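Counting in this note's numbering, the sequence shown tops out at residue 441, every number present.
The C-beta atom is built at its ideal place from N, Cα and C for all residues, glycine as well.
All figures in this text were calculated on a predicted structure; none of them were measured in a lab.
This report concerns only the one structure given below.
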Amino acid sequence: MPGTVIVGAQWGDEGKGKVVDLLAERADMVVRFQGGNNAGHTIVRGHEKWKFHLIPSGILYPGKTCAIGNGVVIDPRVLTDEIDGLRARGVDVSGLKVSANAHLIMPYHLMLDDAGEARLGKLQIGTTKRGIGPCYADKAARLGIRVQDMLDEKILKKKIAAALEPKRQTLRPFMKDPRLDLQAMTDEYLTFGHRLEQFIADTATLAHRALDDDRFVVFEGAQATMLDIDHGTYPFVTSSNPVAGAACVGAGVGPRDIQEVWGVAKAYCTRVGAGPFPTELDDALGEEIRERGGEYGTTTGRPRRTGWMDLVALRYAARINSMSGLVITKLDVYSGFDSIKVATRYRGAEEATFETFPYHQSVLHHATGEYEELPGWQEDITEARSESDLPQNARDYLRYIADFIGVPIVLVGVGPAREQVVWAEGAVEALPALIPAV
Ligand code: GDP
Ligand code: IMO
Ligand code: MG
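Here it is, written out as structure tokens:
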């Protein structure tokens, strides 16, 4: 059975973790395919809160195969901490598999991320400073250190030395930092290697077996379409491809191994870090959405920028990902608004208007949303469990979005807890194998 991909359809933090957690109950395997611990995926189960940065959200189901694919960049310190943290809370992590081909974030990647941002000054991207960009840069430069390298001291030391050589100039201010000592770094990563050895696997082959045996595989994306290094708001993006197409590359499967692509979007928009955000509400209303939605980063705790739903960007995301279903989360945050705006096109400099997402950076930087105003609703919807429980205006809002982007809504979030969802009626009929009991 071909797999299902979950991707972010906006600028991240849409609630992908929760959606993966819901699907993981029925899945036989969950595979993360890109990004690193720049991601923060929150799951709320009863009174318990879980935050995942590297390990797929499906790990909470005992023994479930949860793979970190070759496309992910792994900071082994973060991964081992995450494993320890889960174990300490009684979670069985025996299903975790880590691709031997995934690249490692090294101490110098963290330093280079810091130094790069400092150098950019006012133009900085606002990265999570987790070393993501420098690690992917080394991968492309063929100077990367991979998970498998941690298992061989000679290879590891040689590769670290080769990777450090061209960075000496940039790393000069850090040269006295004990973390950069070649032998100490080699020893530290060998230790990580010993600790992680039991999890290291050929994750692509595991995915092939699951798919060939007609099992249900979920590919978990991190970040989001508008942060994609090719299709997002470059250079204010992350250094990987969070779009659905990257699930193939980052997990080692082919396009025909994917059937469903679900894009996850909030009922409004948020963005962490710098870069264009055409529907941003830099005012009291934006602040109100931030407070109501608890919009503070899972990874860095930074306040998220907030704005109205951007249907120009969402329609673009639908096409780039060939989205088959749309998940709208946090609809509950909108309860109590008299009216809600949605951007249906952009206005640029000199009164130009744009129906489609502009490819040119300077155009995008000047773009602001042009809006339709839709009626809001006052009712608390956190107890809604079926479409008929939602107020008519909330249903009309969802219909407006689905019609505009041409993708059916499959699932709606009405609160952070896993049971706080409304499955769209059509989705249940169309995808019985995918719909977990909630
Ligand atoms: P991810 O990175 O896409 O997995 O999203 P994050 O976990 O970073 O951010 C989403 C936040 O919204 C988390 O705190 C979730 O617990 C929360 N959340 C998810 N879905 C809903 C929803 O439908 N309503 C509300 N109120 N919160 C939600
Ligand atoms: P999840 O998976 C929101 C943003 C950073 C910054 C830019 C580049 O939780 O949705 P990086 O550290 O990747 O080089 O930073 O990307 N960013 C995210 N924003 N959610 C994320 O992940 C993000 N991962 C990176 O804020 O603007
Ligand atoms: Mg997040």
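- For the pair GLY328 and SER242, the CB atoms are not nearer than the 9 Å cut-off.
- Between THR7 and the set VAL246, MET229, GLY310, the nearest pair of CA atoms involves VAL246.
- Every residue whose Cβ sits closer than 5 Å to any heavy atom of the ligand MG is listed here in chain order: ASP16, GLY43, THR301.
- Distances from the alpha-carbon of LEU284 to those of TRP311, VAL410, GLY278, GLN423 put TRP311 closest.
- Under the three-state reduction of DSSP, TYR192 is assigned to helix.
- When secondary structure is reduced to three states using DSSP, TYR271 falls in the coil class, being assigned neither helix nor strand.
- The beta carbon of ASP117 sits closer than 8 Å to the beta carbons of LYS132 from its chain, once the five residues preceding and following it are set aside; these are given in chain order.
- Distances taken from the Cβ of ILE343 to the heavy atoms of the ligand GDP include none shorter than 8 Å.
- By the CB criterion at 9 Å, PHE36 and ALA249 fall inside the cutoff.
- Contact annotation: GLY11 and LYS21 have beta-carbon atoms that are not nearer than 9 Å.
- Note on TYR319: 16 or more other CB atoms within 10 angstroms of its CB, so buried under the neighbour-count rule.
- Take the alpha-carbon of VAL275 and the one of GLU290: they are about 14 Å apart.
- Per DSSP, the continuous alpha helix (DSSP H) segment holding ARG402 begins and ends at 395-408.
- Remark: three or more beta-carbon pairs, one from each stretch, lie closer than 8 Å, so the stretch 419-430 and the stretch 380-394 are flagged as touching.
- Note that the C-beta distance between VAL221 and VAL33 is below 9 Å.
- A heavy atom of the ligand GDP is found nearer than 8 Å to the CB of ASP335.
- At least one heavy atom of the ligand GDP lies less than 8 Å from the C-beta of ALA225.
- The stretch 187-199 makes no contact with the stretch 209-218, as fewer than three CB pairs between them are under 8 Å.
- Beta-bridge analysis with DSSP links SER102 to ALA204.
- THR131 has its CB no nearer than 8 Å to any heavy atom of the ligand GDP.
- Collapsing the DSSP output to three states places ILE323 in a helix.
- Listed in chain order, the non-local C-beta contacts of ALA187 below 7 Å within the same chain comprise PRO181, local neighbours out to five positions each way being set aside.
- Between the C-alpha atoms of LEU99 and PRO59 there is a straight-line separation of about 9 Å.
- DSSP places VAL366 in the uninterrupted alpha helix (DSSP H) bounded by 364-369.
- No heavy atom of the ligand GDP is found nearer than 8 Å to the CB of PRO181.
- In the three-state DSSP reduction, LEU146 falls in the coil class, being neither helix nor strand.
- Set against 8 Å, the gap from the CB of SER242 to the closest heavy atom of the ligand IMO is smaller.
- Assigned with DSSP and collapsed to three states, LEU57 falls in coil, not helix or strand.
- Taking a contact to require three or more Cβ pairs closer than 8 Å, the stretch 155-164 and the stretch 59-75 do not qualify as touching.
- By a beta-carbon distance limit of 8 Å, ASP313 contacts THR282. Their separation comes to about 4 Å.
- Judged by the Cβ position, LYS19 qualifies as a neighbour of the ligand IMO at the 8 Å threshold, a heavy atom of the ligand being closer than this.
- Taking the C-beta atoms as reference points, GLY372 is found no nearer than 9 Å to VAL410.
- Assignment of alpha helix (DSSP H) within the stretch 73-143, counting only whole runs of 4 or more residues, yields 79-91, 110-123, 135-143 in chain order.
- Taking the Cβ atoms as the reference, GLY418 lies roughly 5 Å from ASP335, within the contact range of under 8 Å.
- DSSP lists TYR299 as the beta-bridge partner residues of PRO306.
- With respect to the C-alpha of GLU422, the residue from TYR400, GLY15, ILE46 having the closest C-alpha is ILE46.
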